[in-house]
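In what follows, a single structure is set out as structure tokens and then discussed.
Numbering (full-length UniProt numbering), first residue to last: 1 to 718.
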């Protein structure tokens, strides 16, 4: 059959122009890459080999507002057809197969080529033309080869030229430093003349061909160009002021473009360049790097995992360091203030906190509107809109990068999740799992001070929770497990901001799945109970659930009560799909065993927490501590914790304080060991009472049900 390839250049269609074209072989395991669309005919993917019994070949395209295809060409290499100058050839598929559109018929090889217009470097072309006609005496020294070349081919000249010019710039910076005599020399003196003559022309002479080679990807020119740019980065070329061609944003976009055809052989040189440029950058550069990492991770997550973790650690570490420096400066400035000044500062801080809370709410609402208005992180204006929303709040670059990291990973989770269903492809599942893992790693890497920041907590609350609510209900086991891991991270480290949200997650998602009687929910129920067992092994988590949810006098969620009831029903096998199951069903037995293990973990935590009854009985005070510190305060000292008592307690003096083996010290240590000021008699009576309650609960369990026994223990304030 005859196939015609048509191109429309109508700018009134409202769609962004096509910027990339690739060919894929779906029967060889290749898939449509992120942000690509497959060419369709009558709603179905258009097969190039239609009408034959040969292997399917699909054409995919990508749209962009910064680059556009201006011409197409069909090549027949065996007929001595050559690629025109400035065109790029679709020579490989994502997995490295030859992109011959006529490969299966055994006939003449047919390849597709196209020419692109790159808006980001088109305006810089005239600067390269000016540099290329600069007098030869200006560039003679820069283009001279090194005495002992170590890099083959043209790269040795490139590296020597940039090394030479970088040395000249550093020398000039030392000469014109403020402490240098030359800084105060007269304009007519020889020392006042800059020594980096031809520096700007030199970098423009070499840089434009390198950037153009990254965009055109003709043969192996793109890989060689990235290697050259890596050498430039090592020599500090992009750290020196000069031409617009040396801006890191322009170079990052060019290096990112070599990955856009999805050819795996081009991923490694691009990742090497990204690893060397992560010492310092702004949010726009970070967004470009995250786009490339997300795209590469869809093909092979093992290539990006280590670098992704390293990048996250650097960004969150820089954010934590900036917060520590700010806190130190604030403490130093407040040491020498009088009492009136301190009181005035407290009032000002209180007013600032109120106004800051309103500003943070406005900023997060604006950012959330931008977040929902874009389809994916690949949208051309996504980074600019998010950065503009963050710029309204006066924060540091480190904080902007940290917020950009959370927002970008949250948006990346949704880029393919809309298609996740029972028939989701492996690439879609792998893509979502990788993004969930990266977001979870970001939240775990945040330091203690970062977690206490209101703006960071609100960004987590608005963006991460909205993403989690949209993605948690899925039938894909790996994706559901990754979502549960993210829920655990939010509960362990960020629940001070998420009381209502976590209560709704418990009530409308986790408990509903546990109560479900459908046989298809067994795996999800196992995953939920396995994850919750890790929570309930810690006594303060059990106390947190009971105090913040069940004892809430306004909402009255009764999360702990319903959880005990549901786990008891599953453990007894009274749930619909367990009661009607076969006797030899191993999955039903596994589900019951997991429910019993979860109940045992809860019971151990309740028994451990019962020794702290003097804290738990003051539920109002305990809840206040819980909301302030993000978790139940451990009873380390065994004494009443009071700020007034701690501030007015006199320090011990005399021989008693200096002798660690004194009877007073032994008595104080024994008091701490046996539960503070509780006497031995009271402690024994408490243990006997708890044993009687457990014995009665065991009798109820044997005569009635395990659910009734748990309800009895809760009612008796065990």
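For glycine and all other residues, C-beta sits at the position ideal for the given N, C-alpha and C.
Proximity to residue 311 across 300, 325, 272 peaks at 272, based on C-alpha coordinates.
The criterion of a C-beta distance shorter than 8 Å is satisfied by residue 411 and residue 377.
Note: residue 487 is not bridge-paired with any residue in the DSSP secondary-structure output. For residue 712, the uninterrupted alpha helix (DSSP H) run begins and ends at 706-715, by DSSP.
In the structure shown, residue 67 falls within a strand segment according to DSSP collapsed to helix, strand and coil. Counted as a single uninterrupted DSSP element, the alpha helix (DSSP H) harbouring residue 292 occupies residues 283-299.
Residue 313 counts as exposed, since fewer than 16 other beta carbons sit within 10 angstroms of its beta carbon.
For residue 111, no alpha helix (DSSP H) segment is defined; the enclosing uninterrupted segment is the beta strand (DSSP E) at 111-118. Taking a C-beta distance under 8 Å as the contact criterion, residue 54 and residue 77 do not qualify as a contact pair. Assignment of residue 19 by DSSP, reduced to helix, strand and coil, places it in the strand class. For residue 459, the enclosing alpha helix (DSSP H) covers residues 454-459. Following the DSSP letters along the chain, one finds residue 79 in no beta strand (DSSP E), marked with neither H nor E.
Residue environment for residue 340: exposed (fewer than 16 other C-beta atoms within 10 angstroms of its C-beta). Taking 8 Å as the cut-off, the Cβ atoms of residue 542 and residue 602 count as close. Just so you know, the alpha carbons of residue 295 and residue 289 end up roughly 10 Å apart. Annotation for residue 476: no beta strand (DSSP E) segment contains it, and DSSP assigns it neither H nor E. Between residue 463 and residue 442, the beta carbon gap of about 11 Å keeps them out of contact (Cβ cut-off 8 Å). Less than 8 Å separates the beta-carbon of residue 230 from that of residue 276. Here DSSP, grouped into helix, strand and coil, assigns residue 434 to helix. Distance from residue 706 to residue 573 at the Cβ level is roughly 10 Å; contact not present, criterion being Cβ atoms closer than 8 Å. Residue 716 and residue 384 have their C-alpha atoms roughly 58 Å apart. By the Cβ-count criterion, residue 369 is exposed, with fewer than 16 other Cβ atoms from all chains shown falling within 10 Å of its own Cβ. Here residue 399 is buried, its C-beta having at least 16 other C-beta atoms within 10 Å. Remark: C-beta atoms of residue 487 and residue 432 do not approach each other more closely than 8 Å. Relative to residue 549, the option among 504, 274, 235 whose CA is nearest is 504. DSSP lists 58 as the bridge partner or partners of residue 24. Between residue 118 and residue 67, the CB-CB gap stays under 8 Å. Secondary structure note for residue 89: its beta strand (DSSP E) is the uninterrupted segment 87-90. Within a 10 Å sphere around the beta-carbon of residue 556 sit fewer than 16 other beta-carbons, which makes this residue exposed. Inclusion of residue 404 and residue 287 in the CB contact set at 8 Å is warranted, their separation being smaller than that value.
For the pair residue 293 and residue 308, the Cα-to-Cα distance works out to about 8 Å. Minimum Cα-Cα distance from residue 714 among the listed residues 11, 531, 607 corresponds to 607.
Sequence-distant partners of residue 300 (beyond 5 residues in either direction) whose C-beta falls short of 8 Å from its own C-beta, in its chain, are 264, 267. By DSSP's assignment, residue 40 forms a beta bridge with 45. The C-beta separation of residue 85 from residue 113 comes to about 11 Å, leaving the pair out of contact by the 8 Å criterion.
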